[in-house]
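Per my numbering, residue 370 is the first one in the sequence shown, and the count goes up by one each step.
We put the beta carbon where it would ideally sit given N, CA and C, even for glycine.
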Amino acid sequence: MTFRLPPLLTACAASALLAACAVGPRAPDASLPPSASGAFVSAPLGLNNDAVSTAEARSDWWRLYADPTLDGLIEQAFARNNQLEAAVANLRAVRASLSEARAGRLPTTNANAAYSYGRQSANAATIPGLPTTGEPLDETEVYDVGLDVAYEIDLFGRVGSTIRAARADADAQAAALDVIRVSVAAETARAYADACSGNAQIAVAERSIDLQSSTVDLTQRLLEGGAGTGLDTARARSQLATIAATLPTLRAQRDGALYRLATLTGVTPAQASAAARACVRPPQLSQPIPIGDGAALLARRPDVRQAERALAAAAARVNVATAALYPTISLGGAIGTTAADAGDLGDDASFNFSVGPLISWSFPNILVARARIEAAGARTDAALANFDQTVLTALQETETALTNYANELDRRAALTEARDQAAEAARLARLRFDAGADSFLTVLDADRTEATADATLAQSEALVTTYQISLFKALAGGWDQSA
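Written as structure tokens, this is what we have:
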């Protein structure tokens, strides 16, 4: 339904409504849980001062490893990763939508120019009840040029809420880009570390194979000299084959890490980093990991910011839906000229204009508007629940990463001691065998224990680096808030 009001009445109505037209609910309170503002639980319980510090977490955490190869790979991933390129394109699209929404604050204009040539029906043009002349009317030309301008008075906040929703969408998409940057940085570092750890484990297996090959040669010489037995030789060969069987799996894991690294850095598997292929030790930290506190974590994590901005956008759209319950008020004007001859378009007699307010109100569809409000409110409730869950997940991931790191450090220390003792036991077993105090079975058992200890320690070294990277990822390193 559309109707017009006199200008004075419109002004009075606008003044009366202006103070009471903040429609729709405000955004739900997205405050953080009280426990999120304190220090992490696992830090004092599981990690010593040499492993972590309470300093603010770093965005460029990979530089703590002081590994130029790793620095270059992450820089390449940031520049060439396809997921990042797609996220950047999505951000551009959402920001364009924000510009479109902001244009709602500006007047809309419509320029038109028309020309028509024709003749009316004489019978249709005759006044009803009077006889027709029977003569056709003259043919006429009409020229018309005009400009229409309209501006919506945002009394009920529809335009403003639309802009707030679009701005929140843009902020959420920017946070989504940061989420991908965090993931790309962590996964690139992890793939590089896995490749290095794979080479380290392969080197351990090859040393064990060399040692066991010497043992096989020794048992063979003893057998040929009459001092050994076929049983000792068979056991030595069996142990050598068992160790050699681990090599294909380790090589496959190393190659898989290189191929992941190639994909992350935007190249084909055949172009995988030669430096990563030659790396023989996973990157090592030379200083404690700065972890900050819970409040700083939640302020820094882009997934939390993304969830909060999605909540703000949903709340703003409740306001947009609520504004549909109220009239739309616009101020408009039109100016133009109409003439039967193109040369007369500039004459005063051809000039026309109109100025006035327009109120439109589709109140028969109020049930539809209320249904849309209810749907928008439900989506806001879902966004609030998602925000709360994102906060809890962020804390859970960080605590889990801390405890995994703490316990693996303890495990590595114990495995280092076990490996050292196994090496000493193998040395003593050989001395006792050479002196005739023990059988060669004792030497074989000691060698097997040492090889197992070496392999397990190499696996733990790989896990330490993996858990370090998981902790850095949980701390949301990999993006620059000032960018």
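- For Asn-481, the CB contacts under 6 Å within the same chain, skipping 5 residues up- and downstream, are Gly-515 in chain order.
- The alpha-carbon separation between Glu-793 and Gly-805 amounts to approximately 18 Å.
- When the Cα atoms are used, Ala-770 and Tyr-836 turn out to be separated by approximately 6 Å.
- A residue is called buried when at least 16 other Cβ atoms come within 10 angstroms of its Cβ; Ser-566 meets this threshold and is buried.
- At the C-beta level, Asp-601 and Thr-588 come within 8 Å of one another.
- The straight-line gap separating the alpha-carbon atoms of Thr-438 and Ala-613 is approximately 30 Å.
- Less than 8 Å separates the beta-carbon of Leu-666 from that of Thr-767.
- As a beta-bridge residue in DSSP terms, Thr-697 pairs with Ser-729.
- DSSP places Glu-521 in the uninterrupted beta strand (DSSP E) bounded by 509-522.
- Under DSSP, the beta-bridge partners assigned to Ile-704 are Leu-516 and Phe-722.
- Taking the C-beta atoms as reference points, Ala-843 is found no nearer than 8 Å to Ala-815.
- Within the same chain, Cβ atoms closer than 8 Å to the Cβ of Ala-435 are found at Ser-655, the five residues on either side in sequence being excluded.
- Each residue's CA atom was taken as its position, placing Arg-533 and Ala-685 some 6 Å apart.
- With respect to the 8 Å criterion, Arg-604 and Leu-778 are not classified as neighbours on the basis of their beta carbons.
- Residue environment: Gly-705 is assigned as buried (16 or more neighbouring CB atoms within 10 Å of its CB, all protein chains considered).
- Counting only residues of its own chain and dropping the five nearest sequence neighbours on each side, Ala-543 has a CB closer than 7 Å to the CB of Leu-460.
- Here DSSP, grouped into helix, strand and coil, assigns Asn-450 to coil.
- DSSP links Asn-479 through a beta bridge to Asp-517.
- In the pairwise beta carbon analysis, the stretch 619-639 is classified as not touching the stretch 724-737: fewer than three pairs are separated by under 8 Å.
- For Asn-776, the enclosing alpha helix (DSSP H) starts and ends at 735-803.
- Rounded to the nearest whole angstrom, the CA to CA distance from Glu-593 to Gln-828 is 38 Å.
- Inside the stretch 555-600, DSSP marks no whole beta strand (DSSP E) run of 3 or more residues.
- Note: Val-689 is not bridge-paired with any residue in the DSSP secondary-structure output.
- Counting only residues of its own chain and dropping the five nearest sequence neighbours on each side, Ser-699 has a CB closer than 6 Å to the CB of Ala-519, Glu-521 and Leu-727.
- Annotated three-state conformation of Ile-658 is strand, per DSSP.
- In summary, Pro-652 is buried, with 16 or more beta-carbon neighbours lying within 10 Å of its beta-carbon over all protein chains present.
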